[in-house]
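Undergrad: Take a look at this one; I'll ask things after.
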Amino acid sequence: MFWKLWKYELKCSYRSYLFTYAILLLSALFFSTRSSDIIMMIVSLLFTIMLFVVFILTFVMIIRTYQQSMFTKAGYLTMTLPTSSKMILLVKILNSALWFILSMIVIVLAGVLLAYKAGGFTLSELFDAFGKVFQQMDFNFLMNIIMVLIGTIESVAMVYFVMNVTHTNYIRRHRGIIAVLLFFAITIVISLFNNYVIGIDSVSVLFGGGEMNIVSSNASQYISMVEDAILMVAFYFGSVYILDHKLELE
Numbered sequence: 242m243f244w245k246l247w248k249y250e251l252k253c254s255y256r257s258y259l260f261t262y263a264i265l266l267l268s269a270l271f272f273s274t275r276s277s278d279i280i281m282m283i284v285s286l287l288f289t290i291m292l293f294v295v296f297i298l299t300f301v302m303i304i305r306t307y308q309q310s311m312f313t314k315a316g317y318l319t320m321t322l323p324t325s326s327k328m329i330l331l332v333k334i335l336n337s338a339l340w341f342i343l344s345m346i347v348i349v350l351a352g353v354l355l356a357y358k359a360g361g362f363t364l365s366e367l368f369d370a371f372g373k374v375f376q377q378m379d380f381n382f383l384m385n386i387i388m389v390l391i392g393t394i395e396s397v398a399m400v401y402f403v404m405n406v407t408h409t410n411y412i413r414r415h416r417g418i419i420a421v422l423l424f425f426a427i428t429i430v431i432s433l434f435n436n437y438v439i440g441i442d443s444v445s446v447l448f449g450g451g452e453m454n455i456v457s458s459n460a461s462q463y464i465s466m467v468e469d470a471i472l473m474v475a476f477y478f479g480s481v482y483i484l485d486h487k488l489e490l491e
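Everything in the sequence shown is counted per the numbering used here, starting at 242 for the first residue and increasing by one.
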């Protein structure tokens, strides 16, 4: 049932994401270096803005997809599927985390294409650069990848937890505003806990909900990863409880 649900989620969401990715990559691919310096500067600025737009659109689509499938009339159909709310929520979280990670990969790839077009690099030089990066991969690099994965899933789980909280019978008005305020409140509490209780001096990178901590020492990195994992589980089961007992559909 898990794979059937995930296949359905991908089928419902892939068009919007792939269309956005195609526009971004084609823009980078057809970037011309033959124009004047002013035109190139304008095009580079527009492309940079486009990168941020793709990031924001990914975030918006993640929220919009969950909103439509859980809290509108479609939510009645979703909640009557022959599976548990745990499975439904797990699939939605993993699917959104997957699209977010793919969006970041596409943004990096578009940046590489732009550097290739504008910087006059050859393909062999780019491949050599990537080869050096892969050669330097070690245990710490692997831990960073795992940390990003956990942080991304935790962030999505927090976004959905906030959305679920604001769709209970305790909150009937101004749900959007309350969701934003609740998100920032939780983020601030987590940041203060990291800085003053655990002692992690981190830079918080916000994505929809939660934070992925950029830390310097291995010990702080492991502590931050464990913390993200605990928060991920807490947000997940908190959402499951709300879906089973407190959810109020529109």
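All C-beta atoms in this analysis are idealised placements derived from N, C-alpha and C, irrespective of residue type, glycine included.
DSSP has T409 in a bridge; who is on the other side?
TA: Stepping through the sequence shown from its first residue, residue 409 is reached at position 168. T409 is bridged to L488.
Undergrad: Go ahead and pull the three-state DSSP assignment for S325.
TA: Along the sequence shown, one-based indexing puts residue 325 at 84. If DSSP states are grouped into helix, strand and coil, S325 belongs with coil.
Undergrad: How would you call T289, buried or exposed, if buried means at least 16 neighbouring beta carbons within 10 angstroms?
TA: Mapped onto the sequence shown, residue 289 falls at position 48. Burial call: exposed.
Undergrad: Roughly how many angstroms lie between the CA atoms of S480 and S257, to the nearest whole one?
TA: Residue numbering aside, residue 480 sits at position 239 when the sequence shown is read from its first letter. Residue numbering aside, residue 257 sits at position 16 when the sequence shown is read from its first letter. Going by the C-alpha atoms only, they are around 26 Å apart.
Undergrad: For F448, I'd like the list of residues in its chain whose CB is within less than 6 Å of its CB, leaving aside the five on either flank, ordered along the chain.
TA: As a working mapping, residue 448 is identified with position 207 in the sequence shown. For F448, the pLDDT reaches just 43, beneath the cut-off of 50, and the residue's location in the model is therefore unreliable, leaving the point undetermined.
Undergrad: Would you identify the three-state DSSP class for R217, choosing helix, strand or coil?
TA: Not covered by the structure: residue 217. The range shown for the chain is 242 to 491.
Undergrad: Kindly list the residues whose CB is nearer than 7 Å to the CB of L383, restricted to its own chain and excluding five residues on each side of it in sequence; keep chain order.
TA: Walking along the sequence shown from the start, residue 383 turns up at place 142. No residues qualify anywhere along the chain.
Undergrad: Using the Cα positions of L259 and T313, report the straight-line distance between them to the nearest angstrom.
TA: For this step, residue 259 is matched to residue 18 along the sequence shown. For this step, residue 313 is matched to residue 72 along the sequence shown. When rounded, the distance between both Cα atoms is 25 Å.
Undergrad: Helix or strand or just coil, what does DSSP make of R305?
TA: For the purposes of this step, residue 305 is identified with residue 64 of the sequence shown, where counting begins at 1. Residue state, collapsed to three classes: helix.
Undergrad: Just to confirm my understanding: we take S337, look at its own chain, exclude 5 residues before and 5 after, and list those with CB closer than 6 Å. What are they?
TA: Your numbering for residue 337 matches position 96 in the sequence shown. Here the set comprises I303 and V397.
Undergrad: Assuming contact is defined by CB atoms lying nearer than 8 Å, are I348 and L267 in contact in what I supplied?
TA: For this step, residue 348 is matched to residue 107 along the sequence shown. For this step, residue 267 is matched to residue 26 along the sequence shown. Not a contact, by the Cβ cut-off of 8 Å.
Undergrad: Is the separation between the beta-carbon of Y401 and that of L330 shorter than 8 Å?
TA: Sequence index remark: in the sequence shown, residue 401 carries index 160 (1-based). Sequence index remark: in the sequence shown, residue 330 carries index 89 (1-based). Yes, the pair counts as a contact, with Cβ atoms nearer than the cut-off.
Undergrad: Determine the DSSP secondary structure at T299, reduced to helix, strand or coil.
TA: One-based indexing of the sequence shown puts residue 299 at position 58. Helix.
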